[in-house]
């Protein structure tokens with residue numbers, strides 16, 4: 909999905925975070941940063957997967 913502005917992207921992320929919070933899940937600032945980078949095309953899908961995996965493994969310990 910393409911966002912017309914940074915504000916629109918931020919609103920979408922806030923809504924997504926609220927929905928996840930209802931389910932008892934949280935998005936860290938680090939995960940939010942890489943998600944936004946992926947959505948805006950600053951990183952590739954492969955880079956996103958690598959970064960998300962590293963973050964998840966670090967948070968499990």
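In my numbering, the protein residues as written are 909 to 969.
The beta carbon of each residue, even a glycine, is placed where N, CA and C say it ideally should be.
Beta-carbon gap between residue i and residue j smaller than 7 Å
| i | j | result |
| --- | --- | --- |
| residue 960 | residue 951 | no |
| residue 921 | residue 942 | no |
Straight-line gap, residue i to residue j (C-alpha atoms, nearest Å)
| i | j | result |
| --- | --- | --- |
| residue 935 | residue 962 | 15 Å |
| residue 948 | residue 937 | 16 Å |
| residue 927 | residue 919 | 12 Å |
| residue 917 | residue 911 | 6 Å |
Beta-carbon proximity list for residue i, same chain, < 8 Å, skipping 5 on both sides
| i | result |
| --- | --- |
| residue 940 | 921 and 925 |
Heavy atom of the ligand SAM within 6 Å of residue i beta-carbon
| i | result |
| --- | --- |
| residue 962 | Absence of the ligand SAM is noted for the structure shown, with no ligands found whatsoever. |
Closer than 7 Å to chain C by CB, residue i
| i | result |
| --- | --- |
| residue 959 | Structure shown: chain C not included; a single protein chain is present. |
Quiz item: Residue ranges of each beta strand (DSSP E) run of no fewer than 3 residues wholly in the segment 918-947, ordered along the chain?
Solution: none
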